[in-house]
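In my numbering, the protein residues as written are 3 to 158.
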Amino acid sequence: MTGNKSLDNILLLIASLITAATLGIFVYSEMLYQKPLPSDEIEKQNLIEDSKVSVAPDIYKVEKLIINLNSASRRLRFLELEAHLVPFKSNSLDIFEAKKFYVKDAIIDIASNMAPEELNTVAGKVILEERIRKRLNDFFGKSLVKEIYFSIFVVQ
């Protein structure tokens, strides 16, 4: 190995100790250690405590907006929209409420720059959702908006 007999013996001893320790840990964890069985009472108590926690996420409702859309034809087109913003954390609702005018303005600005034909497609709705999410998260400087649901979405 290195040519020095005492150094070779020390390295061989260290390698043997590491191998024995690894083998000992493996044998103990796989063959000797018995994981304790779950207690029915403890599991029932945990289930009761977990069921008390609200599962449904808190949402911020953006009231109904009527947005004029760009249209190539002479016919006036508009979008009637009501959205629900789902935040990553419940404490973000206060931030949305404080900046509700910016939230509405962002939705109006993004939707008014899209064509009615584009908004009538599923892909257009997904694009609108992504643009709104990106604009709001960029404005707030962190990811606050997790999902956006449209409860009213009518293009006329």
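Backbone N, C-alpha and C define an ideal beta-carbon position, used for all residues, glycine too. Predicted, not measured: the structure shown is a model, and the values here were computed from it.
Beta-bridge partners of residue i, as assigned by DSSP
i   : result
I68 : E82
L95 : None; L95 has no bridge partner.
V88 : E149
Start and end residues, alpha helix (DSSP H) containing residue i
i    : result
S18  : K7 to V29
I50  : D42 to K54
I61  : Where I61 is concerned, there is no enclosing alpha helix (DSSP H), given that its DSSP letter is neither H nor E.
E119 : P118 to L121
F142 : V124 to F142
K102 : K102 to S114
Extent of the continuous beta strand (DSSP E) to which residue i belongs
i    : result
E149 : V147 to V157
8 Å contact criterion, which residue i and residue j should meet: CB distance rounded
i    : j    : result
K148 : V88  : 5 Å
Q158 : F80  : 6 Å
L138 : V105 : 6 Å
N115 : N72  : 7 Å
R133 : I150 : In fact, because the Cβ distance is near 10 Å, the residues do not count as touching under 8 Å.
D60  : S92  : 5 Å
Cβ-heavy atom distance, residue i to the ligand PLP, below 8 Å
i   : result
S53 : The ligand PLP is absent from the structure shown, which contains no ligands of any kind.
Self-check item: Validate contact between the stretch 62-70 and the stretch 84-104 using beta carbons, cut 8 Å, 3 pairs
Solution: yes
Quiz prompt | At least three beta-carbon pairs within less than 8 Å, the stretch 66-77 to the stretch 91-105 | solution = no
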